[in-house]
Amino acid sequence: QVQLVESGGGLVQPGGSLRLSCASSGSISNINVMGWYRQAPGKQRELVATITSTGHTNYADSVKGRFTISRDNANTVYLQMNSLKSEDTAVYYCNLKDYYPDRSDHWGQGTQITVSS
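Quick note on the working numbering: the sequence shown kicks off at -18 and runs consecutively.
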């Protein structure tokens, strides 16, 4: 049973920074992709950033240059968020896609980020 536990959310002023963490546990192969998605009120969940087990990263255009995704060898993924804007306000979800031996998709419980003065 794979579990993902997020931490680091909260309230921040525009222009500020936050760092999210997502710790995973359970049986996880070394062929996986971890990432962050977000969902604002009234909107669909959208991709923020992903990172493969080999370190390849992908970002939504809206966060390029401001957010940085990283991970460690223990399958913990981080999201460093700088220059935050009000439009970054959303619930942020950690995601793990595992590809061996079968494809599986796992989600964290979500953490609220509010960017407001």
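Quick reminder that beta carbons are idealized off the backbone N, C-alpha and C, glycines included.
Check the DSSP bridge columns for residue i and list the partner residues they point to.
{"i": "L60", "result": "L1 and I50"}
{"i": "H87", "result": "L77"}
{"i": "E27", "result": "R19"}
{"i": "Q93", "result": "V72"}
What is the DSSP secondary structure of residue i, counted as helix, strand or coil?
{"i": "S(-12)", "result": "strand"}
{"i": "S6", "result": "strand"}
Less than 8 Å between the CB atoms is what I'm expecting for residue i and residue j, so what's the real figure, rounded?
{"i": "V29", "j": "V44", "result": "6 Å"}
{"i": "L(-15)", "j": "L60", "result": "Not confirmed; about 13 Å, so no contact."}
{"i": "S2", "j": "S(-12)", "result": "5 Å"}
The region 69 to 88 touching the region 6 to 21, judged by at least three CB pairs closer than 8 Å: yes
Three CB pairs or more closer than 8 Å across the region -18 to 0 and the region 57 to 65: yes
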